[in-house]
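Report on the structure given below.
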Amino acid sequence: MAGKWLCVKPVVLECIRGGESASSLSRRLGMSRETIRRWCREAGLVLATGPHGSLAQVRERDRQRAIELIGQGWTNTDIAHELGYCREWVRQCRVALGDMENALRRGRRGGTRHLASVDQVGSGNVGRGRRITSKERVAIALLLDQGYSGRQIAIRLKRSPSTITREINRSQRVDGSYDAGVASRKAFERRARPKPLKLQANTRLREVVVGLLNQRYSPQQVAVRLRHLYPNDREMHVSVEAIYQALYVQGVGSLAQELKREKALRSGRKNRIPRSRLAGLPGRGRKTWVEGAQISMRPPQASDRAVPGHWEGDLVVGGGKDGHGTALITLVERRSRFVLMHRLGAGRDSKTVVDELVTMVKSLPGKFETITWDQGSEMAQTQSFTIATGVKVFFADPHSPWQRPSNERLNRDIREYFPKGTNFATITDAQVQEAQDELNNRARVVLKGATPHETLAQQLNDALTA
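This note's numbering applies: residue 53 is where the sequence shown begins, and numbers increase by one.
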């Protein structure tokens, strides 16, 4: 008896591969379904469960074909006849598309209202609140099967390319394929509210964020630093808005209650400061040290930050009683944003400033090509500085601080440590060094989450191995 059935085994497996269910074959051949299932397991064929049976791969292929026909406006009856399934199975395919069910025509004509052409799906209305619809997901699946790219699909659906790409990436299955029904279900699950806040649910992430904020990182710097430190761990990524929400919107359990500093954010400024109306106009009086060293004469590699060695400098002037003669020399490398600071406890005349600058430059031999300064009189003896160090000094235009953006930003950060009115005669060199080290080890958004210290070290390593 066993030999009788073994002779039909190849025929049974071929029918299964063709899409016929085990139950149908059992009834037609008068043999046990368990025997057919055992043969399928031995042949490595996976059968789909449910009343319709058949090979799982075939069922999935038919389901994709059914979704394609739904998108073309076919009725349930026509799809059932075309694929050899009952109308209930086709209806379940429609239900899996979520909101797609609302687009069905009622009555004898059946079908869908708007999917006769993919080009009719996109309305062109974009902006806040315009979510991807189930009809658009069907169109995305159809166009992907036809080999369209994300940008080409966006043009067909009148959508932003980033919207389509994001939809495909976050809704695709494990094997990389995109299924409209699966995508609709995932979208429904993502819309569920309320959601647990990431900074409340992830204690490890919360501790790191609080630690960085205590180091005077801005929320934007925190977000980019996390992506730099944990590039492959999405659980350790958080958006800038989420940090602001945790600082200001939440009540009990907000991040502000855990910070060790009085100000949650570094900046107390509420409005941007407009550029001076005097920008570009010549300054008063003749400044002989500026002649022949205007910023327009600075080499191009210094302007585009293409190579290291080009710096910006300035004085942070002290204040308070008996503190008007004190200052802080600040230098920042334009490419790596590496910072050097030196305290002037008494006197900020040109000779004193130039002598201290020579010392600072010699602390990093070979790392200085140019320095860009404002037109202050503290650099009147710039010629002697160039002779002593070989470093050329260029001067920005009057009332144009944006020509030295890195140094202006640095000076603002320095005021967190030494507010206006600070008498630098009362500040120790150790305090200045501590502030310098903290600034050099703070992640920068412009460096994609890296620190100035890390970037300068990488530059030095590249120079040695070149």
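For each residue, glycine too, the CB sits at the ideal point set by N, CA and C.
- For residue 420, the three-state secondary structure derived from DSSP is coil.
- DSSP assignment within the stretch 454-479 yields the following whole alpha helix (DSSP H) runs of 4 residues or more, N-terminal first: 457-469.
- Using a Cβ distance threshold of 9 Å, residue 125 and residue 194 do not count as a contacting pair.
- Going by C-alpha positions, residue 517 is about 19 Å away from residue 420.
- Taken in chain order, the complete alpha helix (DSSP H) segments of 4 or more residues contained in the stretch 213-298 are 213-223, 232-242, 250-253, 255-266, 271-281 and 292-296.
- Residue 349 and residue 357 have their alpha carbons spaced roughly 15 Å apart.
- Between the alpha carbons of residue 291 and residue 506 lies a gap of roughly 24 Å.
- In this structure, the straight-line span from the alpha carbon of residue 473 to that of residue 500 is close to 34 Å.
- The three-state reading of DSSP puts residue 427 in coil, since its state is none of H, G, I, E or B.
- Here residue 455 has 347, 424, 448 and 449 as same chain residues with Cβ atoms under 8 Å from its own Cβ, once five neighbours each way along the sequence are excluded.
- At a Cβ-Cβ threshold of 9 Å, residue 367 and residue 468 do not count as neighbours.
- The Cβ atoms of residue 483 and residue 388 do not sit closer than 9 Å to each other.
- Counting every other CB atom within 10 Å of its CB across the protein chains shown gives residue 95 a total below 16, marking it as exposed.
- When secondary structure is reduced to three states using DSSP, residue 446 falls in the strand class.
- With fewer than 16 other beta carbons inside 10 angstroms of its own, residue 140 counts as exposed.
- By the C-beta criterion, the stretch 428-447 is judged to be in contact with the stretch 392-404, since at least 3 inter-stretch pairs fall below 8 Å.
- By the beta-carbon neighbour count (other beta carbons within 10 angstroms, threshold 16), residue 495 is buried.
- With 16 or more other Cβ atoms inside 10 Å of its own Cβ, residue 444 counts as buried.
- Around the C-beta of residue 426, 16 or more other C-beta atoms lie within 10 Å, and the residue is accordingly described as buried.
- Rounded to whole angstroms, residue 260 and residue 289 show a C-alpha spacing of 11 Å.
- Under the DSSP assignment, residue 393 falls in the beta strand (DSSP E) whose first and last residues are 391-396.
- DSSP, reduced to helix, strand and coil, places residue 202 within a helical segment of the structure shown.
- For residue 366, DSSP records a beta bridge to 382.
- Residue burial annotation: residue 486 is exposed, with fewer than 16 other C-beta atoms found within 10 angstroms of its C-beta.
- With fewer than 16 other Cβ atoms inside 10 Å of its own Cβ, residue 371 counts as exposed.
- Taking the Cα of residue 462 as reference, the smallest distance to any Cα among 222, 69 and 492 is reached at 492.
- Counting only the Cα atoms, residue 262 lies some 40 Å from residue 206.
- CA-CA distance, residue 196 to residue 120, rounds to 12 Å.
- When only Cα atoms are considered, residue 240 and residue 488 end up about 50 Å apart.
- Nearest to residue 296 by alpha-carbon distance, out of 235, 249 and 287, is 249.
- In the DSSP assignment, residue 514 falls within the alpha helix (DSSP H) that extends over 504-517.
- In the structure shown, the three-state DSSP call for residue 124 is coil.
- For residue 346, the three-state secondary structure derived from DSSP is strand.
- Cβ neighbours of residue 436 within its own chain (closer than 8 Å, five residues either side excluded): 406.
- The three-state reading of DSSP puts residue 493 in coil, since its state is none of H, G, I, E or B.
- Distance check between residue 458 and each of 477, 470 and 498 places 498 closest, using alpha-carbon atoms only.
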